[in-house]
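One structure is given here, and the rest of the page talks about it.
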Amino acid sequence: LETLENWVTEIFSEIPNNGLPKPCFHHLTQPFDTPEFHKLYRVVPVRKVHSLNITWALPPQEQYYRVKPLHYISWLVGHEGKGSVLSFLRKKCWALALYGGNGETGFEQNSTYSIFSISVTLTDEGYKHFYEVRLTATRLPYCFPNLWKNEPVSFCLQVAHVVFQYLKMLQQRGPEKRQVIWEEIQKIEANEFHYQEQTDPVDYVESLCENMQMFQKEDFLTGDQLLFEYKPEV
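The sequence shown begins at 1 in the UniProt record's numbering and counts up one residue at a time.
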């Protein structure tokens, strides 16, 4: 350790400290509040695959790294057991896989916004059901607020409706009743951290440098992996 410290001191000590504050872009609020974002896009794939991708632009969540609310929500959404979204869709033969989450760095997580996405790999039958139901925006006030008002929505919403109904159920039940799930996630992530395989030293140092820009000093080594505090209000 002493040798490594001497190397770091020798190599980096001549880099000047300009005393400048960390760049902040909090004044750029709601960057995705545009007509182009509040739409359904159909993209013809190169491969024969049907995929439904739903994306939300949220206020920046990086300040809550000790709680990791998006990681917690992605765990609930991505659950594959009884009572899950994927379990229901598979019983209907509508979906093969489902993933939800946030990359926690870079484009998906910064000081301006946070992205949360859910991706559903549809079967041919699921693709048909995606486009067969006619709903109105008044039935989905939590999906697309202030978007279509009371005008009818005549595109694929049956599979999407299931996803939004599940999120609505989580919202109505509240996080207070699910602390035990958060604690399970906390234990799992702690075990994975303690028994993880050794990574490439260069990649590890690069990761630590990124952590130094986002976390408190005491969390440089663990802030991107561990869950520390359960805060239902977050």
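Virtual Cβ for every residue (Gly too), placed ideally from N, Cα, C.
Judged by their CB atoms, S117 and P60 are not nearer to each other than the 7 Å cut-off.
For R173 and G81, the gap between their C-alpha atoms comes out near 19 Å. Sorting W182, V85, S207 by C-alpha distance to the C-alpha of L221 places S207 at the top. Boundaries of the alpha helix (DSSP H) harbouring G126: 124-130, taken from the DSSP string. By the Cβ rule, the segment 84-92 does not count as touching the segment 26-38, because fewer than three pairs are nearer than 8 Å. Under the DSSP assignment, S74 falls outside any beta strand (DSSP E), being part of the alpha helix (DSSP H) whose first and last residues are 69-77. For a cut-off of 8 Å, the C-beta gap from G126 to V159 is around 6 Å, short enough to register as a contact. Taking 4 residues as the minimum length, the alpha helix (DSSP H) runs contained wholly in the segment 165-232 are 179-194, 201-212, in order along the chain. Residue pairing from DSSP places T121 in a beta bridge opposite S51, A97.
Within the model, the alpha-carbon separation for H161 versus R66 is close to 32 Å. Going by DSSP, R90 is part of the alpha helix (DSSP H) stretching over 85-91.
With contacts defined by Cβ atoms closer than 7 Å, L122 and L52 form a contacting pair.
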